[in-house]
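Residue numbers (this note's numbering), protein chains in the order written: chain A, 31 to 176; chain B, 31 to 176. Backbone N, C-alpha and C fix where the C-beta goes; we use that ideal spot for every residue, glycine too. One structure is given below, encoded as structure tokens.
Protein chains: 2
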Amino acid sequence: MKDGGAFIEFLKGKGLRLTLEREAILGEVFATKGEHFDPEELHIALRQKEANVSRASVYRTIPLLIEAGIIEEVERVDKHAHYELTYGREHHDHMLCLGCGKVIEFLSHEMEELQDRICREHGFTGETHTLEIKGYCKKCAKNKNG
Amino acid sequence: MKDGGAFIEFLKGKGLRLTLEREAILGEVFATKGEHFDPEELHIALRQKEANVSRASVYRTIPLLIEAGIIEEVERVDKHAHYELTYGREHHDHMLCLGCGKVIEFLSHEMEELQDRICREHGFTGETHTLEIKGYCKKCAKNKNG
DNA sequence: TTACTTGCAAAACGTTTGCAAGTGC
DNA sequence: GCACTTGCAAACGTTTTGCAAGTAA
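Laid out in structure tokens, this is it:
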């Protein structure tokens, strides 16, 4: 885990405590290295590392991690939320393959600029955005037409 | 309700039946005129019009309306899904005001073209996309800084 | 010591489903 | 008449919460 310090500072600033459970969760979140995860996966990973962290604590810690700017909610698949580590990473958007489920991350400064301009034209102060393109990756598009 | 015919054709084509319940739901969906709604709101609106349609039927009809190209899922707020009538309307994206909850719709052909280009660069065949910008509308931004 | 935090188990929430009765076609 | 469709109520899976015990500071 690198840069977990940001979360620790966040807790201090709010008068919240750094517990073993929160440390374990934070460590596990950084261990995802940016891969998407859901609360249940996080909980299972923690159990496998014999970290005794309850599901409730996982659910209670996630909003704190979001508020601290460590993770973001990416998208809701089926019924449950998915998250990703964003701390220290540049903003990016996602393509989701409907064939194999693969997630392709991409970033485009042109896109960011265009959005800024559109916001300005609407008198809107944009803070965050999410763009998701659904379709088919190269491999799945080929199989589909072949 | 205008153009509900598309749904009726869809049902016919699938060997499904046009029931009073489905007609009532369809009518109520067109009555939203493009405003976002969730299944519960739809169900309440139907009850108020003394249309005896159960919650189960609302939930069972929504996937049919999506498949028929009448509505689309817009975004999940909290735990539940929101939808909007898209049939006969041009594709657009959304700005969501974090202050007052207002939804601003916008469309940009430049954005569409840029996305096409990005997809091409990644060998990805884009089918649909959703872009949501969160921030503050003119009024809320002013109140925030004033 | 004091308030925050935990685990548990139960509750809450939106959504789905099995079933028997009803109904388009 | 046959299958599709309905309403009901129970089930489902995810997330939240009340509570008493535990613990960081």
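Could you give the residue range of the beta strand (DSSP E) that holds residue i?
{"i": "H121 of chain B", "result": "Element bounds for H121 of chain B: n/a, residue is neither H nor E."}
{"i": "R106 of chain B", "result": "I101 to V107"}
{"i": "F136 of chain A", "result": "V133 to F136"}
{"i": "E157 of chain A", "result": "T155 to Y166"}
Applying the 10 Å Cβ sphere with the 16-neighbour rule, what's the burial state of residue i?
{"i": "R90 of chain B", "result": "exposed"}
{"i": "T155 of chain A", "result": "buried"}
{"i": "L161 of chain A", "result": "buried"}
{"i": "R52 of chain B", "result": "buried"}
{"i": "L72 of chain B", "result": "buried"}
{"i": "L126 of chain A", "result": "buried"}
{"i": "A86 of chain B", "result": "exposed"}
{"i": "V88 of chain A", "result": "buried"}
Residue i versus chain A: which residues are under 8 Å apart at the beta carbon?
{"i": "R106 of chain B", "result": "R106"}
{"i": "I92 of chain B", "result": "In chain order: nothing, as chain A lies at least about 15 Å away."}
Under DSSP, the alpha helix (DSSP H) around residue i begins and ends at which residues?
{"i": "E143 of chain B", "result": "H139 to E151"}
{"i": "H73 of chain A", "result": "P69 to Q78"}
{"i": "T62 of chain B", "result": "From DSSP, T62 of chain B is part of no alpha helix (DSSP H); its letter is neither H nor E."}
{"i": "T91 of chain A", "result": "R85 to E97"}
{"i": "L41 of chain B", "result": "G35 to K44"}
Could you tell me which chain B residues have their CB closer than 9 Å to the CB of residue i, listed as they occur along the chain?
{"i": "G45 of chain A", "result": "Simply none; closest approach about 25 Å."}
{"i": "L171 of chain A", "result": "Note that residue 171 of chain A is Ala in the sequence shown, not Leu. Here the neighbours are G153, F154 and T155."}
{"i": "Y166 of chain A", "result": "F154, T155, G156 and E157"}
Give a yes or no on whether the C-beta atoms belonging to residue i and residue j are separated by under 8 Å.
{"i": "L128 of chain A", "j": "K164 of chain A", "result": "yes"}
{"i": "F37 of chain A", "j": "A98 of chain A", "result": "yes"}
{"i": "E114 of chain B", "j": "H66 of chain B", "result": "yes"}
{"i": "G153 of chain B", "j": "K168 of chain A", "result": "yes"}
{"i": "A111 of chain A", "j": "E103 of chain A", "result": "yes"}
{"i": "L94 of chain B", "j": "V83 of chain B", "result": "no"}
{"i": "H121 of chain A", "j": "E135 of chain A", "result": "no"}
{"i": "P69 of chain B", "j": "I96 of chain B", "result": "no"}
{"i": "L56 of chain A", "j": "R47 of chain A", "result": "no"}
{"i": "G131 of chain A", "j": "D33 of chain A", "result": "no"}
Show which residues of chain A have a CB atom less than 7 Å away from the CB atom of residue i.
{"i": "I148 of chain B", "result": "F136 and S138"}
Using a Cβ cut-off of 7 Å, which residues of the segment 150 to 163 of chain B contact any Cβ in chain A, in chain order?
H152, G153, F154, T155, G156, E157, T158, H159, T160, L161, E162 and I163
Contacting positions in the segment 123 to 145 of chain B - beta carbon closer than 9 Å to chain A:
D123, M125, C127, L128, I134, F136, S138, E140, M141, L144 and Q145
Against chain B, which members of the segment 95 to 119 of chain A pass a CB distance test of less than 8 Å?
R106
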